[in-house]
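So for the sequence shown, this note's numbering puts the first residue at 2; every next one is plus one.
For every residue, glycine included, the Cβ atom is placed at its ideal position computed from N, Cα and C.
Structure record follows, encoded as structure tokens.
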Amino acid sequence: MKKALLSLGAFVAVLVAAVLIMQATITGPAQPGAAPSATPSAATVLPVTTNPITATGTKTGLTITDVMAENNVDPTTKAALADRLQFTLTNTSTAPMTGLEVYYTMKDTTTGTTESYYQKLDGLTLTPGQATTIYFDNGTGTGHYPENKYSLYRSSANEVKISIEAAASGYAPAQGTATKAQGTGEKTD
2 MKKALLSLGA FVAVLVAAVL IMQATITGPA QPGAAPSATP SAATVLPVTT NPITATGTKT
62 GLTITDVMAE NNVDPTTKAA LADRLQFTLT NTSTAPMTGL EVYYTMKDTT TGTTESYYQK
122 LDGLTLTPGQ ATTIYFDNGT GTGHYPENKY SLYRSSANEV KISIEAAASG YAPAQGTATK
182 AQGTGEKTD
């Protein structure tokens with residue numbers, strides 16, 4: 002009886018060790034002090050040195066309107082929003098627009114420092130007559146895209162001018178501009 006219990010105990014110990022080894026192989030070794038993340042982190046947004054948009058289309062129909070970098074409002078409810086780069090893209094053509102992308106440059110008007118960013122608007126199709134507001138705010142949901150929280154827009158105490166170019170496959174690019182006045186800090190106005 003003692004031998005049977007000893008053998009059963011050894012079997013259980015080997016089985017537990019095998020399960021632990023298998024878990025470590027599948028999930029990787031545990032990191033001391035590391036806690037599992039409750040939510041995925043926001044995408045890292047880094048400046049780009051050149052404009053990757055190579056739009057050669059000439060058809061008209063893509064427009065940028067309601068460009069804001071401060072004193073933002075929700076286009077539907079008209080409620081005040083925290084400051085962010087925000088604009089509306091509209092398709093005034095008779096065909097759907099795909100392959101949408103945005104390139105924007107921030108310029109500190111005091112120091113002359115510039116910083117540029119590029120974002121593919123993956124999954125966005127503008128149907129004829131559709132207007133969609135784009136937010137660079139690290140938010141979630143339709144129309145929300147990542148931003149660099151250390152950008153000139155967020156860190157410069159000087160006035161910052163923002164030039165925006167949006168493009169869609171086969172269409173001429175659209176342009177827009179916004180200005181952030183002196184001061185820093187995101188706020189709801």
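Ala167 and Thr89 have their C-alpha atoms spaced approximately 10 Å apart. Where Ser94 is concerned, there is no enclosing alpha helix (DSSP H), because DSSP gives it neither an H nor an E. Classified as buried, Ala56 has 16 or more neighbouring CB atoms from the shown chains inside 10 Å of its CB. Its Cα nearest to that of Val49, the residue Tyr119 stands out among Pro76, Tyr119, Leu101, Thr93.
The DSSP assignment places complete beta strand (DSSP E) segments of no fewer than 3 residues inside the region 59-133 at 63-69, 86-92, 102-109, 115-121, in order along the chain. Residues of the same chain with a CB within less than 6 Å of the CB of Thr111, apart from the 5 flanking positions on each side, are Asn159 in chain order.
In the three-state reduction of the DSSP assignment, Ser157 falls in the coil class, being assigned neither a helical nor a strand state.
Rounded to the nearest angstrom, the gap between the Cα atoms of Arg85 and Thr45 is 17 Å. Annotated three-state conformation of Glu148 is coil, per DSSP. Annotation: the continuous beta strand (DSSP E) that includes Thr180 extends over 175-181. Beyond the five residues adjoining it in sequence on each side, Ser164 comes within less than 6 Å, by CB distance, of Thr106, Thr178 in the same chain, given in chain order.
Looking at the DSSP output, Val49 bridges to Ser117.
With fewer than 16 other beta carbons inside 10 angstroms of its own, Asp75 counts as exposed. Counting only residues of its own chain and dropping the five nearest sequence neighbours on each side, Leu82 has a CB closer than 7 Å to the CB of Asn73, Val74, Asp75, Thr189. By the beta-carbon neighbour count (other beta carbons within 10 angstroms, threshold 16), Lys108 is buried. Check the Cα spacing between Thr91 and each of Thr126, Thr77, Gln183, Tyr154: the tightest is with Thr126. Residue environment for Ser157: buried (at least 16 other C-beta atoms within 10 angstroms of its C-beta). Residue pairing by DSSP puts Ser164 in a beta bridge opposite Thr106, Thr178. Contact annotation, Leu63 with Tyr172: C-beta distance approximately 5 Å; criterion of less than 8 Å satisfied.
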